[in-house]
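See below for the structure under consideration.
Numbering (our numbering), first residue to last: 37 to 150.
Okay, structure coming up:
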C-alpha cells in the first residue's frame with residue numbers, strides 16, 4: 037500500500053522517510069548478518085579439526101589452543117561434549133551455563149530465520 041504523504045508538511049514527510057530509510061538499512065544489515073552465519077559455522081568446524089599429534093584433552097576443540105594448568109583448563113560443552121577453552125565458550129547468564137561457540141551459532145540459525 038503506497039503512502040500518501042501529500043497532506044503532511046515537508047518536515048513530517050522527511051521524518052517519516054528518514055524512519056523508513058533507517059528501517060531498510062537495519063533490515064539489510066540484519067540480512068547480511070544472517071547470510072554470514074552458515075559460512076561462520078563452516079569455518080568454525082574446519083578450524084576445530086585437530087591435527088595429527090594434538091590431544092583433545094589438552095587442546096581446545098574449537099581454536100586448537102593448549103589448555104592451561106591452573107587457569108583456562110577448559111570445560112566440556114553440554115551440547116556437543118567437546119572440551120573448549122574459556123575464549124570459545126558463549127555464556128548463557130539466564131541458565132548459568134555455556135555452549136561452545138559452534139553450538140551457540142548453530143543454535144542461533146533457526147532463530148535468525150524468523
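For every residue, glycine included, the Cβ atom is placed at its ideal position computed from N, Cα and C.
key: Separation of residue 144 from residue 150, as counted between CA atoms   = Residue mapping note: residue 150 aligns to position 114 of the chain shown, counting from 1. Residue mapping note: residue 144 aligns to position 108 of the chain shown, counting from 1. Summary for residue 150: the model assigns pLDDT 48, below 50, so the residue's position carries little reliability; its value from the coordinates is reported in the next sentence. Looking at the two C-alpha atoms, the distance is approximately 11 Å.
ask   = Are residue 136 and residue 81 touching if we call contact CB-CB under 8 Å?
value = Residue mapping note: residue 136 aligns to position 100 of the chain shown, counting from 1. Residue mapping note: residue 81 aligns to position 45 of the chain shown, counting from 1. Result no, Cβ atoms of residue 136 and residue 81 do not sit closer than 8 Å.
query = What separation, rounded to the nearest whole angstrom, lies between the Cα atoms of residue 116 and residue 101?
reply = On the chain shown, position 80 is the one that residue 116 refers to. On the chain shown, position 65 is the one that residue 101 refers to. Their Cα atoms are separated by approximately 18 Å.
task = Report the three-state DSSP secondary structure of residue 127 (helix, strand or coil).
result = For the purposes of this step, residue 127 is taken as residue 91 along the chain shown, with counting starting at 1. If DSSP states are grouped into helix, strand and coil, residue 127 belongs with the strands.
ask   = Beta-carbon separation of residue 139 and residue 113 under 8 Å?
value = The residue given as residue 139 occupies position 103 in the chain shown. The residue given as residue 113 occupies position 77 in the chain shown. The answer is yes: Cβ separation under 8 Å.
ask   = If you draw a straight line from the alpha carbon of residue 132 to that of residue 107, how long is it in whole angstroms?
value = On the chain shown, position 96 is the one that residue 132 refers to. On the chain shown, position 71 is the one that residue 107 refers to. Cα to Cα, the separation comes out at about 20 Å.
query = How would you call residue 110, buried or exposed, if buried means at least 16 neighbouring beta carbons within 10 angstroms?
reply = Counting from one through the chain shown, the residue named residue 110 turns up at place 74. Classification of residue 110: buried, given that the 10 Å Cβ count is 16 or more.
inquiry  = Let me confirm a value: residue 78 is counted as buried when at least 16 other C-beta atoms fall within 10 Å, else exposed. Which label applies?
reply    = By 1-based counting over the chain shown, the position of residue 78 is 42. Residue 78 is exposed by the Cβ-count criterion.
query = Around the Cβ of residue 125, are there at least 16 other Cβ atoms within 10 angstroms (buried) or fewer (exposed)?
reply = By one-based count along the chain shown, residue 125 stands at place 89. Classification of residue 125: buried, given that the 10 Å Cβ count is 16 or more.
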